[in-house]
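Numbering (the working numbering), first residue to last: 28 to 83.
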């Protein structure tokens, strides 16, 4: 299993104002999706190569 990368609470707090507000629709976990986006971009991966743990 690959080592997972997660944004810190401080990093998420700085980014939270940029997230759109929910219209009473179920939301995905912003923390997981954003951490996954960072690791995909940083390592030049394709989405299909990223761990599914980021996108559950």
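C-beta: ideal position from N, C-alpha, C; glycine also.
When secondary structure is reduced to three states using DSSP, residue 71 falls in the coil class, being assigned neither helix nor strand.
Here residue 31 is near residue 78, since their CB atoms are less than 8 Å apart. In this structure, DSSP gives residue 45 a helical state, which the three-state scheme calls helix. CA-CA distance, residue 62 to residue 35, rounds to 9 Å.
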